[in-house]
Each structure stands twice: as C-alpha cells, then as structure tokens.
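The sequence shown begins at 22 in my numbering and counts up one residue at a time. Glycine is no exception: its CB is placed at the ideal position from the N, C-alpha and C atoms.
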Amino acid sequence: MKKLLLAAAAALVFGTVAQADTIKVGVVGPFSGPFALQGKNFKAGIDAYMTTNGNKVGSDTIEIIYRDLPAADPAQSKALAQELVVKEKVQYLAGFYFTPDAMAVTPILKQANTPLIVMNAATSAIVTKSPLVVRTSFTTWQTSTPIAKVAYDRGVKKVISVVSDYGPGVDAENAFKAGFEKAGGEVVEAIRMPLSTNDFSPIMQRIKDSGAQGVFAFLPSGPTTLGFVKAYNENGLKNAGIQVFAPGDLTQESDLPALGDAALGMLTSFHYAVSHESAENKAFVEAASKAIGNPAELTFPAVGAYDGMHVIYKMIEATGGKQDAEKAVEAVKGLSWTSPRGPVSIDPESRHITQNIYLREVAKDPAGKFYNKEIQTFEKQGDPGLAAAK
C-alpha cells in the first residue's frame, strides 16, 4: 500500500499522464482584433493538418484549445498559458504570433512539463530561453540576411533601414546591416518605429532626405505592412526610384489585392509563398483554403502551424501519449521532412527550423491575380542570429 501511495504521489508531482485518451494542445494567437487574419491562418494550418492526417496519434485523440490574444501583451500571454496548463491540462503549448508573448511563456515550461512549439514569433533568442522550445516558423535573421546581398548585387550601395521597434525588428535591422556591409554597402540611417505606428508619412520624408538608393523595411504582417507600402507609393518613393527590400512579411498574399499594381516588382525574401510549386504545397493549399473559407486570405502563418502540428504529432508518437516534455523535444531534434515550403529539418542543437529561403517578386498571373513569384532559392538556411542571441 505504501508503495502504491508513493507512486501515485510521484505521478502527481511530475505531471505524468498515463495512456491519456485525449491529448490537449493549447494554441495562443490573435483570433480577433487587427491581427485576426494571422490567427485565422494558424487555425487553417492546424485544421488542414488534422484533416489530412486525422485527429488521432495511436489510440489518443488530439484536441485543440484556442485562446485569443488580439495584440502583443506578454502578461496576458503568460496568464493564458498558465490557464491552459493548469485548468485545461494541455500537454503542449503552441501558436504565438508576437515575440514578446512567446518570451513571456518560456519561464513556466519546465515546471509545467510542457513543450512550446512556436508557429510564428520570429526573434532568434526565443529558443535560447528554454530547452523546451521548438520553432517551426522562421526568424527575421533567417529571412533578412539573403535580401541584403540581393540589394547590393542589384546596384544599391546606400540603404536606409526602417523597422518596428521590438525583437524581430531589431533582429531584422541587425541582420540586414551585417549582410549589406559585408557585401560592401552602407546603411546611411537606421530608424526604429513604435509597434503602434500607423502614420508613415514622416518616415517617408526621412527616407527621401537620407539620400539612400533603397530602403530595407520590416514590420509585422497586418495593417502596419499594408499602411507602410501604401505610404511608400503615395509619397512618391517608388516614382523617385527608391527601391524597397524586405522580408516577406511586407507582401503577404492577403494584402496583394489591396496593394495592386503599386506592388509589382517588389522584392522580398521569405521561407514560403502560397505559389510555391510542389505536390506537397498543392495539397496543403487545397486543404488550408477549404479550412480558411476564403483562399485569398491564406498566408504564411498557416504553414508554420501546419508544420507545428507535424512536430507535435511526432512528439506524441515518441512519448506514447505520456506527458514528458524533455523526451518529446528530444524526439524531434534532427527531425526532417518535406513541408509545403520545401525540405525542412529541426536543428538538433538550436531546435530551430532549417529551411530554404526564397527571393520572391510580386507578379501578376494571366488571370490578373497578384502573387509572390519565387525567382531564386537560398538552400538550407539556418539562423545566423542565434550566435548573437546566446
């Protein structure tokens, strides 16, 4: 009897679930508010994966529990994660659109015995904050480094940098600067804007006054990127020949119809385009388009969520449905597969995704639809920002 009681107590202490019938995954993201489209894409990617692969791993049924975080709010993010772990008893946490929200959750992971699968948040340092974090999205170092050499090779020698003033923006600024200066270029000025900026006219004037031939820009996808590109055109920068170079957040597919002809020819580097040509992506786009309802709304957070579910399913398989965060994470180190975005793998040391980065150009198909056309591939890109983050 004493041994049985001790075993029961140990199970409670370590939070182990033996042969769970239902395994819960808690997903935190913006499902309302100005960034609701990104949360909608999280859900579309998750639904597409579960429709394609079923809602069971072995004998266990997978249940997704969503929590809404409309805008970056680290305190609320941590509160929602704690509620999911304590009240809902989720075995996995996932989602997280903004970096500050993902960062806020990392201190609770060890005690909660819960891995965190980052489906979007893009600051390099997140994976260094806990050994229980795995990322299936991208980082702004990863997407911003290739575009620097592209800019220089196209004859642009002086650039002004304009980024949103938070983790991914600072990473993007540093990544572009490092790559551009290495190529031989000069960043003449670096502007950091508050995340809440929505009037970009003063910024456009500073770009004009800088004497730069090009502008490197990073803002989180949503109303801010749409506003920035519109201001770039309305303030005459395109007509003045000042070229824009950016990671792909700036031209997400759902914004292209609103940007129209003004976006034609704009160059971005990114880990995914809805137009990516492969059998895997064709199947993904079909399933995710059905899940989201309006195919025109499908954009990049969906593929981060889709691949995030692939990683979670592999974790559940490896642990036999038991709650063992360390074993779950260990099981996916070095995992490789063919994603809708192309060949990917989880780096065994950093737990960050290694993937191709594509140079894309905004183009128009014969039917008049705008899309990001992949014109160059940078193969097997890791995250050069991780060394700086440690």
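Query	Result
Proximity below 8 Å, CB of Ser182 to CB of Phe237	yes
Cβ-Cβ distance between Pro364 and Lys354 below 8 Å	no
Per-residue DSSP class, three states only, for Val350	helix
Any non-hydrogen atom of the ligand HEM within 7 Å of Arg175 CB	Looking for the ligand HEM in the displayed structure turns up nothing, as the structure carries no ligands at all.
Alpha helix (DSSP H) runs wholly inside the segment 298-360, at least 4 long, in chain order	300-313, 322-340, 346-353
Alpha-carbon spacing of Gly66 relative to Glu338, whole angstroms	20 Å
Endpoints, the alpha helix (DSSP H) within which Asp174 is located	161-174
Distance between Lys311 and His373 (C-alpha atoms, nearest Å)	29 Å
Inter-residue spacing [alpha-carbon to alpha-carbon] between Tyr253 and Asn74	43 Å
Short Cβ contact (8 Å threshold) for Leu240 with Leu271	yes
Stretch pair the segment 150-164 + the segment 388-406: three plus CB contacts closer than 8 Å	yes
Straight-line gap, Lys110 to Ala346 (C-alpha atoms, nearest Å)	14 Å
The segment 105-122 touching the segment 130-140, judged by at least three CB pairs closer than 8 Å	yes
Closest residue to Leu114 among Ser145, Ala102, Ala125, Ser222 (Cα-Cα distance)	Ala102
The beta strand (DSSP E) enclosing Ser290, as first and last residue numbers	288-291
Chain-order list of residues whose beta-carbon lies under 6 Å from that of Phe399 (same chain, five-residue window excluded)	Pro167, Ile378
Burial state of Glu194, where buried means 16 or more other Cβ atoms lie within 10 Å	buried
Proximal residues to Gln397 (C-beta, below 6 Å), its chain only, five neighbours per side dropped	Leu380
Beta strand (DSSP E) segments (min. 3 residues) lying fully within the segment 37-112	43-50, 81-89
Closest Cα partner of Tyr327 within the set Val139, Tyr392, Thr127	Val139
Whether Asp220 touches Thr246 by CB criterion (8 Å)	no
Reduced DSSP category for Arg362 - H, G, I as helix; E, B as strand; rest coil	coil
Coil, strand or helix - Met214 by DSSP	strand
CA-to-CA distance, Ile44 to Ser80, given in whole angstroms	10 Å
Sub-8 Å separation of Lys170 and Val126 beta-carbons	no
Reduced DSSP secondary structure (H/G/I, E/B, other) of Glu370	coil
Simplified DSSP assignment, three categories, for Ala115	strand
When Ala410, Asp386, Ala317, Val306 are compared against Arg362, the one with the closest alpha-carbon	Val306
At least 3 beta-carbon pairs within less than 8 Å: the segment 197-210 vs the segment 227-237	yes
Terminal residues of the beta strand (DSSP E) in which Tyr187 lies	Neither: Tyr187 is in no beta strand (DSSP E) and is coded neither H nor E.
Beta-carbon spacing of Ser360, Val332 below 8 Å	no
Distance between Pro128 and Met225 (C-alpha atoms, nearest Å)	40 Å
Bounding residues of the beta strand (DSSP E) (the contiguous stretch that carries Gln273)	Here Gln273 belongs to no beta strand (DSSP E), and DSSP marks it neither H nor E.
Counterpart residues of Thr375 in DSSP-defined beta bridges	Ser366
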